[in-house]
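Working notes, beginning with the structure itself.
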Amino acid sequence: MFTLVNGLTTGMAVFLVAAGLTLVFGIMRILNFAHGAFFMIGAYVASSLVGSAPRSVLALIAAAVVAALVVGVLGIVVQRFILRRIQHVDEHYMLIATFAVMLVCVGFVKLVWGLEFLSVDPPPGIDAGVEIAGLFIPSFSLFIIASGIVVFLVLDFVIHRAWAGKMITAIARDGWMAELLGINVPAGIMAAVGGSFALAGLAGGLLLPNQTLSPALGDSFLLLAFITVVIGGLGNVRGAFIAAILLGVIDGLNTMFLPAYPGVVVYFAMVAFLLLWPNGILGESRL
Amino acid sequence: MRLNRRHFLTTTAAGIGALAMPGILRAAQGDTVRIGLITTLSGPGQLYGNYIKDGSEIAVERLNAAGGVNGSKIELVVRDDKNSPEGAVTAFRELTGDGIKLFAQGTFTANLLGTLPLLEEADVTMMMVGASALALTHEAYNPRAFRLGFSSPMCFGGYGNLMAQKHPEIEKWAMLRSDVTALADITNAFSNGLKAEKVKAGRTVEILDPVLVPYGGADFRNQISNIIGSGAPGLFNVLQGADAISYYKQARTFGLDQKFKVLCDSANEFAIAKAMGANTPASLWSWTGWYPAANKDNAVSDEVHKAYIKLRGDEYPNWYIGVSHDSILTIANAVQKAGSMEAAKLIPTIETEAPQGALGKIHFRKEDHGFAGDLTYIRFGRDDKNANGWSVFETAQLPGAEFLERATPGSKLN
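Listed in order, the protein sequences are those of chains D and X.
Per my numbering, the very first residue in the first sequence carries number 4; after that it's consecutive.
Per my numbering, the very first residue in the second sequence carries number -17; after that it's consecutive.
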């Protein structure tokens, strides 16, 4: 049971990072290698706002929202000057370009925040543990799980129910037709990409007390986030949510039953999922 | 203009002469002793390279202020190895091409393994700064290189020994480490040190298999619950850098302090306390290569400490500062005593001299050029009375030579 709770925590943490990644792919068909770096910038921005000891959960959430806005603006700049230009070129160029953006981000973090490790404590209220049905669960794990579910529900509502989401879906599926219907396609794409990057910043802020801040922070979740996006179905937010939970639980069971090979089963799981569902659990999606 | 054979040869000779001139001139300069420093100043590992550069520059500043080497000033020529063997070799070839005969390089073993085979051809002497891998003084041993670093059997064998002495009541130890094969040396050395001392004291000890954690991972909760469920009162943690701090952060909510009587960290020393502040574990042991407060009667250590505070404003320097300082000091001392920069004269001088450095007496085992200085361990932890939220409670030192592994220069240690 404890392994399942831990797995769910890991899964939701990965989903928070993967959500923006899958959205960018859904909108622009770009696998953004720099996504982890923007997650890292979000974490550093939030840490600058709350310091090493946030006063309350609300202060942490507020800092995460500001980090999301800052990273969202950075995302619009990146979209305007880089992603837009590489949208229709060969995938290799996309990977190289986004990799270069990642290097620039890492360099920027080193210049602004330095190389030393930084740490932010969980705020009062989520800094201890609770006992549920005889099971000790860290409060911060519950915070991560709740954050992941809330972000998923909001995203799902926006994409599938709200007018803005439908407009973005139309642009992602057929930009030319959307333009004929009077939709401002460039503005729509810019807003959607900005939103996707903002999700990376939000994840950085919300997961702040979970990780150590260093210029290598972006790498910590990136690989798992990519696996989540691939298993869930490229560009499919619902798929990413389900895949993140599955991966988290699989990773937890891996530690329990094969402790000598940590993290290995996730890769076997990815192979198995792709053999069974080559387009991901819920299929590839243009949102 | 038509280029004939004579023109071509004259122009080429002039060009080669012009290109070679700066190197020839510099190599012949009698007023400076030039030391090449190759370290990691970009990419992963840059943090440690920066410490090495700082420590080396402090050494040069101190030595020059004291009159230099036989009246000559020391000049440090720093190059970035970009944390790759290719980068290290490129930097090495550039500096040797420029006439440099004295080198300090560190700290990553892979990069050192790139340059070690080139030392003979370039006729140079090298200090390997802070490097710990056994290969450097065993299968990849090069008589022109000296390791001013601590091998795993030495510092972690000593660590296990110290813990067995300090906590004889603990009969069961758990271990946690990253799934990096090289780190297995550390857990093995700690276990061996612990067992050897327990056997000597006529006691037994149970050491559990290490719980493995993915290197660079994001979430350690599953492993934390495994470790806590082990029932062992002693824990030795071999995670590094950001992984270690994330682990302590996540473990805190599981009540790590209450679950273990003794917590030992391999070598993250003050990086943990500096990052975690008032949330640092209540009591944590760590090995360190240099801690000024543990060397109270050492004037060199005090001076280096003061110089670092002046340079960076940080009262708790990383141990690489002391080690890199002493690497430069050892080279300078050897040049002074030998009156030469030739490897043939420097090597026996370094083998026999023991200059006073920040770490103490700097001496090397003659057979394999492994550092045989003192070992330092610190215990620090949360302290509400201190403004930064933590304090150092205790230090311990052991004679490193007693824990050095068997010398097998040129072949692998079995």
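All residues carry an ideal CB built from backbone N, CA and C; glycine is no exception.
Bear in mind that the values here come from a model prediction, so they are computed numbers and not experimental data.
Within the chosen definition, does the stretch 209 to 229 of chain X reach the stretch 81 to 93 of chain D through at least 3 CB pairs nearer than 8 Å? Fewer than three beta-carbon pairs drawn from the stretch 209 to 229 of chain X and the stretch 81 to 93 of chain D are found closer than 8 Å, and the two stretches are therefore not classed as touching.
Just the chain X side, please: which residues come within less than 8 Å of leucine 121/D by C-beta, in chain order? By one-based count along the first sequence, residue 121/D stands at place 118. Those within 8 Å of leucine 121/D in chain X are Ala257.
As a quick exercise: from Tyr298/X, Gly88/X, Leu190/X and Ile82/X, pick the residue whose alpha carbon is nearest that of valine 106/X. Taking the second sequence and counting its residues from 1, the one referred to as residue 106/X is at position 124. Closest by alpha carbon: Ile82/X.
Beta strand (DSSP E) segments (min. 3 residues) lying fully within the stretch 326 to 381 of chain X: The stretch 326 to 381 of chain X contains these whole beta strand (DSSP E) runs: 356 to 364 and 372 to 381.
Between which two residues does the alpha helix (DSSP H) holding glutamine 205/X run? Against the second sequence, residue 205/X aligns to sequence position 223. Counting along the chain, the alpha helix (DSSP H) containing glutamine 205/X begins and ends at 203 to 210.
Can you tell me whether histidine 120/X is buried or exposed? The criterion is at least 16 other CB atoms within 10 Å of its CB, across all chains shown. The residue labelled residue 120/X in the question sits at position 138 within the second sequence. Burial call: buried.
I'd like to check one pair, glycine 236/D with isoleucine 284/D: are the Cβ atoms closer than 9 Å? Locating residue 284/D in the first sequence gives position 281, where the first residue counts as 1. Locating residue 236/D in the first sequence gives position 233, where the first residue counts as 1. Closer than 9 Å, so yes.
Integer Cβ distance of valine 305/X from tryptophan 272/X, believed to fall under 8 Å: Position 323 of the second sequence holds residue 305/X. Position 290 of the second sequence holds residue 272/X. Rounded, the Cβ-Cβ distance is 6 Å, consistent with contact.
Mind checking whether phenylalanine 132/X and threonine 169/X have CB atoms under 9 Å apart? The residue labelled residue 132/X in the question sits at position 150 within the second sequence. The residue labelled residue 169/X in the question sits at position 187 within the second sequence. For phenylalanine 132/X and threonine 169/X, no; Cβs fall outside 9 Å.
Evaluate glycine 213/X with the Cβ neighbour count: other Cβ atoms within 10 Å of its Cβ, from every protein chain shown; 16 or more gives buried, anything less gives exposed. Within the second sequence, numbered from 1, the residue matching residue 213/X stands at position 231. Its Cβ having fewer than 16 others within 10 Å, glycine 213/X is exposed.
Would you give the residue range spanned by the alpha helix (DSSP H) that arginine 227/X belongs to? On the second sequence, residue 227/X is found 245 positions in, with the first residue counted as 1. Residue identity differs from the one stated: residue 227/X is isoleucine in this sequence, not arginine. Start and end: 223 to 234.
Going along chain X, which residues have a C-beta under 7 Å from serine 55/D? What you label residue 55/D is simply residue 52 of the first sequence in a count that begins at 1. Ordered by position in chain X, the residues that pass the 7 Å Cβ test against serine 55/D are Gly259.
With 16 as the cutoff for other CB atoms within 10 Å, does leucine 216/D come out buried or exposed? As a working mapping, residue 216/D is identified with position 213 in the first sequence. It counts as buried.
Within chain C, partners of aspartate 130/D - CB distance below 9 Å: The chain inventory of the structure shown lacks chain C, comprising the protein chains D and X.
Using the three-state DSSP reduction, which class does arginine 129/X fall into: helix, strand or coil? Numbered from its first residue, the second sequence carries residue 129/X at position 147. It is a strand residue.
Secondary structure at isoleucine 64/D, three-state DSSP: helix, strand or coil? The residue labelled residue 64/D in the question sits at position 61 within the first sequence. If DSSP states are grouped into helix, strand and coil, isoleucine 64/D belongs with the helices.
Beta-carbon gap between phenylalanine 42/D and leucine 226/D smaller than 9 Å: Counted from its first residue, the first sequence places residue 42/D at position 39. Counted from its first residue, the first sequence places residue 226/D at position 223. Judged by their CB atoms, phenylalanine 42/D and leucine 226/D are not nearer to each other than the 9 Å cut-off.
Span of the beta strand (DSSP E), counted from its first residue to its last, around alanine 156/X: Sequence index remark: in the second sequence, residue 156/X carries index 174 (1-based). From DSSP, the beta strand (DSSP E) with alanine 156/X extends over 154 to 160.
Partners in chain X for serine 217/D, counting only beta-carbon separations shorter than 8 Å: The sequence position of residue 217/D within the first sequence is 214, counting from 1. Near serine 217/D (Cβ distances below 8 Å), the residues of chain X are Gly223 and Ala224.
Would you say leucine 270/D faces chain X, with C-beta separation under 9 Å as the test? If you number the first sequence from 1, residue 270/D lands on position 267. Residue 270/D is actually tyrosine in this sequence, not leucine. By this cut-off, tyrosine 270/D is not an interface position.
With a threshold of 8 Å, establish whether the CB of isoleucine 85/D neighbours any heavy atom of the ligand MN. Looking for the ligand MN in the displayed structure turns up nothing, as the structure carries no ligands at all.
Do we get a CB-CB distance below 9 Å when we pair leucine 227/D with the residues of chain X? As a first step, residue 227/D is located in the first sequence; it is residue number 224 there, counting from the start. Chain X contact via Cβ: present.
Exposure of arginine 164/D, with buried meaning 16 or more beta-carbon neighbours within 10 Å: Here residue 164/D refers to the residue found at position 161 of the first sequence. By the neighbour-count rule (16 or more Cβ atoms within 10 Å), arginine 164/D is not buried but exposed.
Would you say the stretch 349 to 369 of chain X touches the stretch 310 to 323 of chain X, given that touching needs at least three Cβ pairs under 8 Å? no
In angstroms with no decimal places, state the Cα-to-Cα distance between leucine 339/D and phenylalanine 90/X. Examination of residue 339/D is not possible in this model, given that chain D is present from 4 through 290 alone.
What does valine 195/X touch in chain D if you count any residue whose Cβ is under 7 Å from its own? By 1-based counting over the second sequence, the position of residue 195/X is 213. Within 7 Å Cβ-Cβ: Pro265.
Cβ pair glycine 25/X, phenylalanine 74/X closer than 9 Å: Reading the second sequence from its first residue, position 43 is the one you call residue 25/X. Reading the second sequence from its first residue, position 92 is the one you call residue 74/X. No. Outside cutoff.
Distance check for asparagine 143/X and glycine 117/D, CA to CA, integer angstroms please. Sequence index remark: in the first sequence, residue 117/D carries index 114 (1-based). Sequence index remark: in the second sequence, residue 143/X carries index 161 (1-based). Straight-line Cα distance between these residues: approximately 37 Å.
In chain order, what residues of the same chain have a beta carbon less than 7 Å from the beta carbon of glutamate 251/X, not counting five sequence neighbours either side? If you number the second sequence from 1, residue 251/X lands on position 269. Only Ser268, Thr270, Trp301 and Ile360 meet the Cβ criterion.
Please list, in chain order, all residues of the same chain as arginine 8/X whose beta carbon is under 8 Å from its beta carbon, the five residues on each side excluded. To locate residue 8/X, count along the second sequence from 1; it is residue 26. For arginine 8/X, the pLDDT reaches just 45, beneath the cut-off of 50, and the residue's location in the model is therefore unreliable, although a value from the coordinates is still provided. Excluding residues within five positions, the ones whose Cβ falls inside 8 Å are Arg16, Asp80 and Gly81.
For the alpha helix (DSSP H) holding glutamine 87/X, just list the boundary residues, first then last. One-based indexing of the second sequence puts residue 87/X at position 105. Under the DSSP assignment, glutamine 87/X falls outside any alpha helix (DSSP H), being part of the beta strand (DSSP E) whose first and last residues are 84 to 87.
Name the chain D residues that come within less than 8 Å of glycine 199/X, Cβ to Cβ? Locating residue 199/X in the second sequence gives position 217, counting from the first residue. Neighbours of glycine 199/X on chain D, chain order: Ser223, Pro265 and Gly266.
Can you tell me which of the three DSSP states threonine 447/X falls into? Residue 447/X is absent from the structure shown; chain X starts at -17 and stops at 396.
Starting from threonine 21/X, trace the alpha helix (DSSP H) both ways and give me its first and last residue. For the purposes of this step, residue 21/X is identified with residue 39 of the second sequence, where counting begins at 1. Threonine 21/X -> not in any alpha helix (DSSP H); beta strand (DSSP E) instead, spanning 14 to 21.
Please name the residue in Ala62/D, Val20/D, Ala37/D and Lys169/D whose C-alpha comes closest to that of leucine 106/D. The count along the first sequence starts at 1 and reaches residue 106/D at position 103. Considering only alpha carbons, the answer is Ala37/D.
Just to confirm my understanding: we take glycine 151/D, look at its own chain, exclude 5 residues before and 5 after, and list those with CB closer than 6 Å. What are they? Residue numbering aside, residue 151/D sits at position 148 when the first sequence is read from its first letter. Result list for glycine 151/D: Met15, Phe18 and Leu19, in chain order.
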